[in-house]
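Structure first, commentary second.
Numbering (my numbering), first residue to last: 140 to 495.
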């Protein structure tokens, strides 16, 4: 079998001689032989397929170290590895795309707004966790401060309480982070990645705890929202109560696909099965991120499904619109959950946007 010179082989596989020399140096594709006199690299025709695979993997951006691993696998396993790599890339790209869109909006507004600066705003807040009427342990966690509001709901069982507490603890340093509004989303996204790692590190050989997380981080009149799981955020503005989050559950995915109506979702036996959560499988957490502008008079509610799954929207609206201070409102919300049977832990945060 005649060997090909590096130039002829490069043309056959549509690579440059420089690329082939690099692949030789890093151990990806050694030549079949090296001419002892000239030092020219020579390649065998049966190396063409491997070279083309390497070229294709490089075109999709796979690092050389991962390519080396893929090339050592059988075809079926290599296909799985490529698919897993591309799912990671797609998730990262989607998350970055959302951040870019939101940051462009923020920066565009900042560059075109020449009016008087917005009035200074502050937050009046209250948070409460309750075990509920039927549970003997509490896996929910809640936090409320001047800049950060958060609720988390750990999966029931060993590690659930630790998972929700770890998620909140990873975000709490943000309370001290006085940053420009344009940096809120980046800061919050990084903290959520830290929270995901903290929950994963709490895993044991026989148990992997997970937790939901919904949080708001404020800078002036700007609020960055992060959400993963089925904890929720609502906004009461101008007398209207609006949901700010969408549940990441198996049942909600059926509703989104038109395979189940909302009424059927409420009674579905798998309504609590999470599609996304901190500490769940996969190399990267996929959380929803959004940026909002707070207005004086706004009232925000963050809560676990121990409240939202048993107290309907009308009752939530009535309690939030009553005009009471946040601490009285959270007490009333817990009462409503207990009146509905209190089958789960209850966590809620109520925060009012006020003039500073």
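Note that CB positions come from ideal geometry on N, CA and C, so glycine has one too.
Local Cβ density within 10 Å of residue i, reported as buried at 16 or more and exposed below that
i, result
"residue 253", "Interpretation of residue 253 is limited by its pLDDT of 43, a score under 50 that renders its predicted location unreliable; the figure taken from the coordinates is listed afterwards. The residue is exposed, with fewer than 16 neighbouring Cβ atoms inside 10 Å."
"residue 157", "exposed"
"residue 369", "buried"
"residue 273", "exposed"
"residue 269", "buried"
"residue 348", "buried"
"residue 222", "exposed"
"residue 307", "buried"
"residue 146", "exposed"
"residue 180", "buried"
"residue 174", "exposed"
"residue 276", "exposed"
"residue 199", "exposed"
"residue 155", "exposed"
"residue 415", "buried"
"residue 176", "exposed"
"residue 318", "exposed"
"residue 462", "exposed"
"residue 212", "exposed"
"residue 494", "exposed"
"residue 299", "buried"
"residue 291", "buried"
"residue 315", "exposed"
Per DSSP, cross-strand counterpart(s) of residue i
i, result
"residue 367", "352"
"residue 268", "486"
"residue 438", "375 and 491"
"residue 179", "According to DSSP, residue 179 bridges with nothing at all."
"residue 261", "493"
"residue 382", "373"
"residue 388", "413"
"residue 229", "Partner(s): none; residue 229 has no beta bridge."
"residue 432", "361"
"residue 143", "182"
"residue 427", "366"
"residue 173", "180"
CA-to-CA distance, residue j to residue i, given in whole angstroms
i, j, result
"residue 169", "residue 339", "40 Å"
"residue 352", "residue 183", "56 Å"
"residue 215", "residue 227", "19 Å"
"residue 381", "residue 294", "26 Å"
"residue 204", "residue 191", "17 Å"
"residue 271", "residue 465", "20 Å"
"residue 470", "residue 359", "28 Å"
"residue 104", "residue 445", "Residue coverage of the chain in this structure runs from 140 to 495, which leaves residue 104 outside it and unanswerable."
"residue 324", "residue 363", "6 Å"
"residue 164", "residue 189", "16 Å"
"residue 260", "residue 302", "32 Å"
"residue 334", "residue 492", "27 Å"
"residue 206", "residue 148", "20 Å"
"residue 267", "residue 437", "20 Å"
"residue 479", "residue 460", "20 Å"
"residue 379", "residue 456", "8 Å"
"residue 167", "residue 354", "46 Å"
"residue 162", "residue 229", "26 Å"
"residue 467", "residue 475", "12 Å"
"residue 286", "residue 321", "15 Å"
"residue 153", "residue 328", "40 Å"
"residue 196", "residue 429", "34 Å"
"residue 458", "residue 472", "7 Å"
"residue 280", "residue 225", "35 Å"
"residue 388", "residue 341", "23 Å"
"residue 487", "residue 447", "10 Å"
"residue 143", "residue 150", "10 Å"
"residue 283", "residue 418", "23 Å"
"residue 484", "residue 350", "13 Å"
"residue 375", "residue 477", "23 Å"
Close-in-space but distant-in-sequence residues of the same chain around residue i (CB under 6 Å, 5 per side omitted)
i, result
"residue 490", "262, 264, 288 and 439"
"residue 209", "217 and 220"
"residue 372", "353, 383, 384 and 441"
"residue 365", "327, 331, 354, 426 and 428"
"residue 481", "271 and 272"
Contacts around residue i, its chain only, beta-carbon distance under 7 Å, and the 5 residues preceding and following it disregarded
i, result
"residue 251", "For residue 251, the pLDDT reaches just 45, beneath the cut-off of 50, and the residue's location in the model is therefore unreliable, although a value from the coordinates is still provided. Counting only Cβ-Cβ distances below 7 Å, and skipping sequence neighbours, we find nothing."
"residue 431", "362 and 364"
"residue 201", "224"
"residue 172", "142 and 181"
"residue 194", "152, 153 and 154"
"residue 424", "331, 332, 335, 367 and 417"
8 Å Cβ shell around residue i - same chain, five flanking residues per side excluded
i, result
"residue 433", "260, 357, 360, 361, 362 and 492"
"residue 337", "305, 306, 308 and 309"
"residue 312", "330"
"residue 454", "475"
Checklist line | 3-residue-minimum beta strand (DSSP E) runs that sit fully inside the stretch 273 to 323, ordered along the chain | finding: Complete beta strand (DSSP E) runs here, min 3: 279 to 283 and 287 to 292.
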